[in-house]
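For the sequence shown, the residue numbers in the working numbering are 13 to 1009.
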Amino acid sequence: MSTRLTTGGTLIDRSKPVTFTFNGQSLKGYQGDTLASALLANDRMMMGRSFKYHRPRGVVSSGTEEPNALFGIGQDGRFEPNQRATMQELWTGLEAATQNHWPSLEFDIGEVNAHLSRFLPAGFYYKTFMWPRSFWKNVFEPVIRQSAGLGRAPKSADDDRYEHLYHFTDVLVIGGGLAGLVAAQEAAQGGARVLVLEQEAHWGGRATDSDAQAQVDALLATLKGMENVTLRSRCMGAGVYDQGYVLGYERLTDHLAQKSGPRHRLWRIRAAQVICATGAIERPLSFAGNDVPGVMLASALRDYLTRYGVSVGDRTVVVTNNDDAYLTALALVRAGLSVPAIVDARDGGAGVLGAQAEAAGIRVLKGHAIAKVKGRKRVSGVAICRQAGEGAVVEEIACEAVAMSGGWSPVVHLWSHCGGKLTWDDAQAMFRPDPARPPLGAGGEGFVTCAGAAFGVLDAASGAAQAAEAGRAAAQAIGKPGSGAALPEGLADGSGANPIEPVWLMPGSASRKLRAKAFLDYQNDVKVTDIQLAAQEGFESVEHAKRYTTLGMATDQGKLSNINGLAILSGALDTPIPQVGTTTFRPPYTPISMGSIAGEARGDTFQPLRRSPIHAWHEANGADFEPVGHWRRPYTYLRAGETRDTAVTREINQTRGSLGLLDASTLGKIIVKGPDAGRFMDMMYTNMMSTLKPGKCRYGLMCSENGFLMDDGVVAKWDEDTYLCHTTTGGADRIHAHMEEWLQTEWWDWNVWVVNATEAHAQIAVVGPNARKVLEKLGAQNIGNEDFPFMTFQDHRLAGIDARIYRISFSGELSYEVAVPAGQGMALWTALMEAGGEFNVMPYGTEALHVMRAEKGFIMIGDETDGTVIPQDLGLHWAISKKKDDFIGKRAQQRSDMARNDRWKLVGLETLDRSVLPEGSYAVADGVNANGQRNVQGRVTSTYNSPTLKRGIAMGLVLHGPDRMGEIIRFNTVEGATVSAKIVDPVFYDKEGTRNV
């Protein structure tokens, strides 16, 4: 049985016992334990069930690569599913619950799948759920939905909080093992600012389990004494991105019983150089029953023994193809435990360590393999065979644990995240980083290097020397001299070891019966036979085989399974492993909490509320706000006894009859400047902007590369090289990003600069027949039609404030939009309200704005557009230049689908009974489609009650709409009835434009 030894355990404090619960049962451990080590100490070998077959599963590793021991931790607002027991530190009161079983862990109905495994091979769902068709909705889909997912989603709001931290450093070292500490010391003593991240709670990695503890302590003491070094434990390097951007994931309180402050911190790091000292992961061996609880990696079993004082079993059989596993056997013997045999697949066995094992009385079976493991919920023994055979049993050995080692795979994930390439190392049977093809920075130079085991250097002495060189090179890459510091002494150099022998299957010619129980991906139950079936069915690409079998798609993302899986695929295809290649490594390296991604962005701080410079006045004067993007804009201004509708009617009547003010500060204002600004603007907009004269304005349309209309607005040309682009309120940030993307990726050599100046200026629309008079009262001169024509702008001084006035209108009325520095916005608004008193001036909100623009037939982005509409659908052919060779979206608009004559077109709509059409209503047509649904021939895009026209008006997209003027069509309602409406011109009011004078 698995138990706690009376001595040993370098990481636990036996003077500080800890009580926790496992599936509701109270258990004990010690401070320093992980959940996995504490469960093993309490003889809890079975820690979960596999996803597909619900086979019993025990812990197989001791680190982040763990695929089996996943738990729901905590309760209510602090519940988190799928937490790895190997990384969860123990604390008093911790509550852990196993997952993926019913009704209990010990008795799981889902285990019936294991008995049906012959009928549930890889990809069975592609062939099984296709017939009969009627079964899908009522049989297959409900069962699949019930079975889907691993763990249960939290139901309560998260009680914890999270934060982001921004950090800039010269050299970032990811990994706090021996190699990482050596590299950090070299770079820091060379003058670089260094940040070191270590995902575990302790430093030194597995070096502390050997004779290198003193060297690790010395390195830590040196680094802690240096002002230019920052050390962070429990902080994982999650992802490496372009130009030195790295994400770090720090667990701040997951190990504490009393939690205060943020739970997790997401580090956003910019580093000139990155050193990945992330170590290597031991690979499992593929033999029948390698998933039985009690079978684990040799290094993990050694970790539990030396770090936590835990014996996984009194008798442990070690099975290996390399020398490292012999260290586990020797450690077990030193602890007084039995190793009945070391099963070494190599005919020559191990080197120096082999001799030490035999001297310690351990039996070494060379050239042998495990045919199968005996036991179901825990190991009871192993059947031994020759590695060269098909699995004929030559001997059975009773044992409680199996320690397996199939070699080591460098942790190359971070190196690969942003383009680092790998090379296959035949001698060590591993993919390792290719230093000739590193991730490249903006200047074309490599900015990521690997050190130690992550580089494929597995012995401590050589790894430290290579890490020191990596640290020195990183410092020199940023112009620092590098130090040439002395290396730690007394490290093992790996001499006397025999080479690894690649073993991808035990035994080498295993029968199908054995292969069908040899697991590659423990969580998803992917077996050797599944990969071979994928190859047989034509899935020869490793990426295709991955998706067909789900190999490497579990929560561990293939850390234990991928290399073995692609080697099996290589054998099935009779293709060398390098040609098969690897699957894509994507960040994050291990799962990170959703809370850490959000940071402080939750509740009231989910999004920063943006307020115009005049927001306080709106609040004090009855504004009923609505969200528009991140902004809060007045929908209308309510007075005592008013409803929203009556307030909107009042505002429209006052504006059209005399004078109204609109706070337009939230509209996007993007400045485009540079010698190539005109050229750039011509590509951004559908119409010609480079010919615009300084002082003039022009309405423009902006399309996506797919040809669809994405934004519109008035463009003003400030001078020969400078344009101001007005955008929609919700589109400013998006359009700015759109411009930057094209500048940075396609036209990087153009001399153009783009600035989002939306919040730098307040802008007020002065609208109505008396608009000119109120501006003249405040000091504007010569602003009549002849001196200040429509679609131009001028600079004036109003109420002592320098202002730029644009003669533009979105209401159809005489209108001036006045822009001033944001800090002067409130002063100008107050002055306008006072000067407009004699005209009974009123502010109006967004709804009055929308009604007035609809009366004039002006489109609204987001209403008349939905991501599938092109300018031609809206009758905006006049805004598409025929003189330009190109603009973004032009070629897309020439596709047959865009040019077909049955696209819905913009029209106006008037109900016969003068009512308001339902918003989003569809125009019904005769007949039904192939799905039995009623045919439609159009839809309502905007619909309002018009106080000006005293009737309901609407705009819509209708099949052949402009050719059907005067025709009556019907629109559906929520109640199931229909409303009749006449197709009319979309300009309902003042089509001649006589009011804008």
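Cβ coordinates follow ideal geometry from the N, Cα and C atoms, glycine included. Quick caveat, the model's predicted, so the values are computed rather than measured.
Where do the N-terminal and C-terminal ends of the alpha helix (DSSP H) with residue i fall, by residue?
i	result
Val364	364-371
Thr789	Here residue 789 turns out to be Lys, not Thr, going by the sequence shown. 783-789 is the extent of the alpha helix (DSSP H) around Lys789.
Met695	689-696
Ser908	908-911
Ile747	744-757
Val660	656-669
Asn574	574-585
Ala427	The residue asked about is misnamed: residue 427 is Trp in this sequence, not Ala. Its alpha helix (DSSP H) spans residues 425-429.
Glu555	554-561
Ser49	47-53
Quick one: measure Cβ to Cβ for residue i and residue j, integer angstroms, because I've assumed they're closer than 8 Å.
i	j	result
Met967	Gly1005	In fact, because the Cβ distance is near 18 Å, the residues do not count as touching under 8 Å.
Leu532	Ser298	6 Å
Arg668	Gly780	7 Å
Arg1025	Asn125	There is simply no residue 1025 to check, as the chain begins at 13 and stops at 1009 in what is shown.
Ile580	Gln535	With a Cβ gap of about 17 Å, Ile580 and Gln535 do not count as contacting.
Ile374	Ala383	Their Cβ separation, rounded to whole angstroms, is 21 Å, which puts Ile374 and Ala383 out of contact at 8 Å.
Asp537	Arg67	7 Å
Lys539	Gly202	Not really, about 50 Å apart at Cβ, beyond 8 Å.
Ala343	Thr318	6 Å
Ile287	Ala200	So it is not a contact: roughly 12 Å between Cβ atoms.
Gly583	Gly564	Actually they do not touch by this definition, with Cβ atoms about 17 Å apart.
Glu78	Val71	7 Å
Quick one, which of the options has its alpha-carbon nearest residue i's?
i	options	result
Tyr697	Val727, Ser670, Gly583	Val727
Ser521	Glu481, Gly607, Ala357	Ala357
Asp315	Arg963, Gly20, Ala839, Trp420	Gly20
Ala689	Trp760, Arg656, Asp657	Trp760
His556	Gly593, Leu572, Asp537	Gly593
Ala489	Arg656, Ala204, Thr15, Ala632	Ala204
Phe443	Ala463, Gly456, Ser421, Arg449	Ser421
Checking the sheet assignment: what are the DSSP bridge partners for residue i?
i	result
Thr804	Lys708
Pro833	His773
Asn768	Ile682
Asn957	Gly964
Leu232	In the DSSP output, where bridge partners are listed per residue, Leu232 has none listed.
Cys288	Ile186, Cys462
Lys386	Gly393
Trp916	Leu971
Lys994	Glu922, Ile980
Glu732	Paired residue(s): none; Glu732 is not in a bridge.
Mind checking if residue i is an interface residue toward chain C, Cβ cutoff 8 Å exclusive?
i	result
Leu704	Judged by its chain identifiers, the structure shown contains no chain C, having just a single protein chain.
Tell me the residue span of the beta strand (DSSP E) that contains residue i.
i	result
Tyr261	257-263
Asn7	Because residue 7 is not part of the residues shown, which for the chain are 13 to 1009, the question remains open.
Ser417	413-417
Gln37	37-43
Gln95	92-96
Leu674	672-675
Phe531	531-533
Leu243	241-244
Should residue i go down as buried or exposed, given a rule of 16 or more other Cβ atoms within 10 Å for buried?
i	result
Ser507	exposed
Pro144	exposed
Asn797	exposed
Pro998	buried
Met722	buried
Gly496	exposed
Ala989	exposed
Asp542	buried
Thr770	buried
Lys64	buried
Val406	exposed
Gln197	buried
Trp890	exposed
Gly494	buried
Asn699	buried
Glu101	buried
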